[in-house]
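Take any residue in the sequence shown, note its place counting from 1, add 1, and you have its number in the numbering used here.
Positions of the beta carbon are idealized from the N, C-alpha and C atoms, including for glycine.
Data block below; observations after.
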Amino acid sequence: MTDPLLWQIAPIALPVAGRPELFPVRRVYCVGRNYIDHIREMKEGSERDDPFFFQKPTDAVVHDGSAVPYPPLTDDLHFEGELVVAIGAAGSGVSAEDALGLVFGFAAGIDLTRRDRQRDCRDLAQPWEAGKSFDHSAPCGPILPADEAAATLSGELRLSVNGVQRQHTSLKLMIWDVPEIISHLSRSYQLMPGDLIYTGTPAGVAPVQPGDRISVEITDLPALTVTIVEGETSASQRTA
Ligand code: MN
2 MTDPLLWQIA
12 PIALPVAGRP
22 ELFPVRRVYC
32 VGRNYIDHIR
42 EMKEGSERDD
52 PFFFQKPTDA
62 VVHDGSAVPY
72 PPLTDDLHFE
82 GELVVAIGAA
92 GSGVSAEDAL
102 GLVFGFAAGI
112 DLTRRDRQRD
122 CRDLAQPWEA
132 GKSFDHSAPC
142 GPILPADEAA
152 ATLSGELRLS
162 VNGVQRQHTS
172 LKLMIWDVPE
182 IISHLSRSYQ
192 LMPGDLIYTG
202 TPAGVAPVQP
212 GDRISVEITD
222 LPALTVTIVE
232 GETSASQRTA
């Protein structure tokens with residue numbers, strides 16, 4: 002088979018830092034709101050609601066170092082820097098106390114968002130699909146096994162655009178911490194090896210343009226850097 006489109010149906014996998022094996026990706030889950038400062042900047046939602054989740058297509062995963070085409074259907078593509086949890090064992094109805102036992106490792110991620118379409122979805126009481134679940138919308142860095150990431154969950158996240166810091170938080174400021182997120186999600190779905198969970202973003206989200214270089218750094222983890230490039234269909238559609 003030499004069809005250049007074959008890669009689009011090939012299994013999606015992420016590198017594991019320091020190891021030869023790959024981490025095959027099964028599903029991509031994301032937490033909707035998980036830092037109070039981001040809820041306040043978005044002017045939406047209660048700060049004490051249960052966590053809620055949405056999914057992105059598995060083939061929306063983009064590797065470190067990639068060029069990300071500016072997507073169609075938006076004039077307002079936003080970055081959201083996030084800690085990503087990689088699940089390594091099956092579990093459902095898992096308690097928060099047992100939840101970290103399901104974790105294979107952690108990675109730095111970006112929940113790319115068509116903010117204008119997300120706001121439309123909110124205003125029309127429609128699902129977030131158009132705002133969140135588009136091609137190339139889930140950049141994710143190499144996964145560091147959990148036993149090598151001892152300081153991560155009490156560490157910090159920084160996102161920069163073209164070298165200028167735009168987001169900075171302690172991961173301890175999550176409304177729902179990683180064990181609680183896993184526990185909640187496992188009540189709705191059977192978690193399986195290969196699942197990724199994007200754990201929400203702090204304040205500072207903002208638009209990016211073709212040519213912008215986005216980097217996410219999280220304590221102990223390999224950095225993630227992607228560059229936004231002009232998309233095939235975006236230039237003629239965009240008015241900005
Ligand atoms: Mn997000």
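With 16 other Cβ atoms within 10 Å as the buried cut-off, status of residue i
{"i": "A241", "result": "Because the pLDDT at A241 is just 46, under 50, the model does not fix this residue reliably, and the value given afterwards should be weighed accordingly. Burial call: exposed."}
{"i": "V165", "result": "exposed"}
{"i": "D51", "result": "exposed"}
{"i": "G195", "result": "buried"}
Interface flag, residue i vs chain C, CB-CB below 8 Å
{"i": "E233", "result": "In the structure shown, chain C does not exist; there is a single protein chain."}
Inter-residue Cα distance where the pair is residue i and residue j
{"i": "M193", "j": "E42", "result": "34 Å"}
{"i": "V227", "j": "P146", "result": "22 Å"}
{"i": "E48", "j": "Q210", "result": "31 Å"}
{"i": "E149", "j": "A204", "result": "28 Å"}
{"i": "D221", "j": "A131", "result": "33 Å"}
{"i": "H185", "j": "V179", "result": "10 Å"}
Terminal residues of the beta strand (DSSP E) in which residue i lies
{"i": "R120", "result": "Premise fails: R120 lies in the alpha helix (DSSP H), R116 to D124, not in any beta strand (DSSP E)."}
{"i": "I219", "result": "R214 to I219"}
{"i": "I229", "result": "L225 to V230"}
{"i": "K133", "result": "That residue, K133, is in no beta strand (DSSP E); its alpha helix (DSSP H) goes E130 to K133."}
Residue i (DSSP reduced to helix, strand or coil)
{"i": "L192", "result": "strand"}
{"i": "L145", "result": "strand"}
{"i": "V95", "result": "coil"}
{"i": "E181", "result": "helix"}
{"i": "T153", "result": "coil"}
{"i": "A204", "result": "coil"}
Integer Cβ distance of residue i from residue j, believed to fall under 8 Å
{"i": "L174", "j": "Q168", "result": "Actually they do not touch by this definition, with Cβ atoms about 12 Å apart."}
{"i": "L225", "j": "D65", "result": "5 Å"}
Terminal residues of the alpha helix (DSSP H) in which residue i lies
{"i": "G82", "result": "That residue, G82, is in no alpha helix (DSSP H); its beta strand (DSSP E) goes G82 to I88."}
{"i": "I13", "result": "I13 -> no alpha helix (DSSP H), and no H or E assigned at all."}
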